[in-house]
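Numbering (the working numbering), first residue to last: 3 to 262. For reference, the structure is listed below as structure tokens.
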């Protein structure tokens, strides 16, 4: 007689079905990726509601990495991206994509420009561009983030939204750490609640250790950039069970390439 074997029961731990838990965790991580294949493969995706710090030295092309993530999120993954810029005018950002022949779906782009008004240039708002008076205008920045969130989520029904702030270091030049922390605490909480993705740029070497430690309380993981022997390296910490290896990268014609 042949005995029919039942399929093995799913392992349980503390009353939790571990197989179902693994599936749920995998589904939660499926929504966001950087668009940098080597990093994405190493971390297996980014869980919805994650807040990430992008930290590295000045002149390490952090802005290009953020632009690359912005392009991949909107043009490839159909996400909406809200970008707060404290370093270059919104028109310059859009021109950068045009010069590098990267076509952005403007219906999914919202840029909050904190520079143009502060240097006395004409500021004309469009559907894609809104203005704050300066990087110190955290109230104005917050109002405009909320306007874009409402437009993308409630009116356009875009389910996946990314918030990029470049940079927290510039905000800290005008406001103290307590003020910036309170501002960030509100929006990192909203990102978690909405299942969105937040990426916030910090310049390493500009802040003392307590300031960096305070900001790290707000994030789930870190993209680290370092320079060594005139080469740039990138890795992630906290987005997988262990840090990814340092990967050398270079940027050419607006494209980021990992050097194997």
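The beta-carbon is built from N, C-alpha and C at its ideal position, and this holds for glycine as well.
In the three-state scheme derived from DSSP, where H, G and I count as helix and E and B as strand, residue 169 is classed as coil. DSSP places residue 122 in the coil class of the three-state scheme, outside both helix and strand. By DSSP's assignment, residue 234 forms a beta bridge with 229 and 251.
Spanning the alpha carbons of residue 127 and residue 133 requires a straight line of approximately 7 Å.
Contact check between the stretch 192-201 and the stretch 116-130: fewer than three CB pairs, one atom from each, fall below 8 Å, which does not count as touching.
Membership of residue 53 in the beta strand (DSSP E) is indicated by the continuous run 52-58. Sequence-distant partners of residue 73 (beyond 5 residues in either direction) whose C-beta falls short of 8 Å from its own C-beta, in its chain, are 37, 99, 104 and 106. If you look at residue 202, you'll find it in the beta strand (DSSP E) that goes 199-205. Excluding five sequence positions before and after residue 249, the CB atoms of its chain that fall closer than 6 Å to its own CB belong to 40, 236 and 260, given in chain order.
Residue 130 and residue 207 have their C-alpha atoms spaced approximately 33 Å apart. For residue 87, the enclosing beta strand (DSSP E) covers residues 82-87. In the structure shown, residue 259 falls within a strand segment according to DSSP collapsed to helix, strand and coil. Taking residue 150 as the centre and dropping the five residues before and after it, the same chain places the C-beta of 84 and 112 closer than 7 Å to its C-beta, in chain order. Sorting 69, 78 and 124 by C-alpha distance to the C-alpha of residue 101 places 69 at the top. Per DSSP, the beta bridge partners of residue 164 are 83 and 199.
Distance check between residue 212 and each of 222, 187, 240 and 183 places 183 closest, using alpha-carbon atoms only. By the Cβ-count criterion, residue 54 is buried, with 16 or more other Cβ atoms from all chains shown falling within 10 Å of its own Cβ. Residue 82 is a Cβ neighbour of residue 160, given a cutoff of 8 Å. Residue 39 sits in a helix when the DSSP states are folded into three classes.
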